[in-house]
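Residue numbers (this note's numbering): 1 to 137.
This is the structure in structure tokens:
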């Protein structure tokens, strides 16, 4: 592994964990969240804070089994860049909603670019800087 890809296995593990959250039996325990996310971690999408802190992250990830039948982050990534503890990843994500009222509808694919900052081996900040529905790019 090169020095410029020291976090790649971490992100593979995090995205594998995230995909597994759609299993109704797997709600993402606090231990799981702590494994990947810092106590004060933030997720920002389109300039809006989606979750700040472990409790909000737990709620954010807790909707996965309710809303989604499938979430898949496709590998290999289109772009993977590291500079110290900052990582930029461009990837495709497939989301298939559950067939129930209030759940996300149908099957959707997006191309996403996200910038991550890590502290002490965990994500302290995720900023999704672009997200385009497949076919719109």
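Glycine is no exception: its CB is placed at the ideal position from the N, C-alpha and C atoms.
Find out if the Cβ-Cβ distance for the pair residue 70, residue 42 is shorter than 8 Å.
-> Within the chain shown, residue 70 is the residue found at index 70, counting from 1. Within the chain shown, residue 42 is the residue found at index 42, counting from 1. Using a Cβ distance threshold of 8 Å, residue 70 and residue 42 do not count as a contacting pair.
For residue 132, count neighbouring Cβ atoms within 10 angstroms of its own Cβ and tell me buried if that reaches 16, exposed if not.
-> As a first step, residue 132 must be located in the chain shown, where it is residue number 132. Around the beta-carbon of residue 132, fewer than 16 other beta-carbon atoms lie within 10 Å, marking it exposed.
Coarse secondary structure for residue 5, derived from DSSP in three states = Counted from its first residue, the chain shown places residue 5 at position 5. DSSP places residue 5 in helix when its eight states are reduced to three.
Kindly indicate which residue of 122, 30, 128 and 6 has the alpha-carbon position closest to the one of residue 92.
-> Along the chain shown, read from residue 1 onward, the residue named residue 92 stands at position 92. For residue 92, the closest of 122, 30, 128 and 6 by C-alpha to C-alpha distance is 128.
Beta strand (DSSP E) segments (min. 3 residues) lying fully within the region 15 to 82 = Listed in chain order, the complete beta strand (DSSP E) runs (minimum 3 residues) inside the region 15 to 82 are 37 to 45, 48 to 52 and 68 to 73.
Contact check, residue 124 vs residue 38 under 8 Å by CB: the rounded distance?
-> Start at 1 with the first residue of the chain shown, and residue 124 comes out as number 124. Start at 1 with the first residue of the chain shown, and residue 38 comes out as number 38. With a Cβ gap of about 4 Å, residue 124 and residue 38 count as contacting.
Whole angstroms is fine: what's the gap from residue 117's alpha carbon to residue 98's?
-> Position 117 of the chain shown, counted from the first residue, corresponds to residue 117. Position 98 of the chain shown, counted from the first residue, corresponds to residue 98. It is roughly 32 Å from the alpha-carbon of residue 117 to the alpha-carbon of residue 98.
With a Cβ-Cβ cutoff of 8 Å, do residue 7 and residue 87 count as a contact?
-> As a position in the chain shown, residue 7 is number 7, starting the count at 1. As a position in the chain shown, residue 87 is number 87, starting the count at 1. Cβ atoms of residue 7 and residue 87: closer than 8 Å.
Cβ of residue 80 within 8 Å of Cβ of residue 73?
-> To locate residue 80, count along the chain shown from 1; it is residue 80. To locate residue 73, count along the chain shown from 1; it is residue 73. Judged by beta-carbon spacing, residue 73 lies beyond the 8 Å limit of residue 80, meaning their Cβ atoms are not closer than that value.
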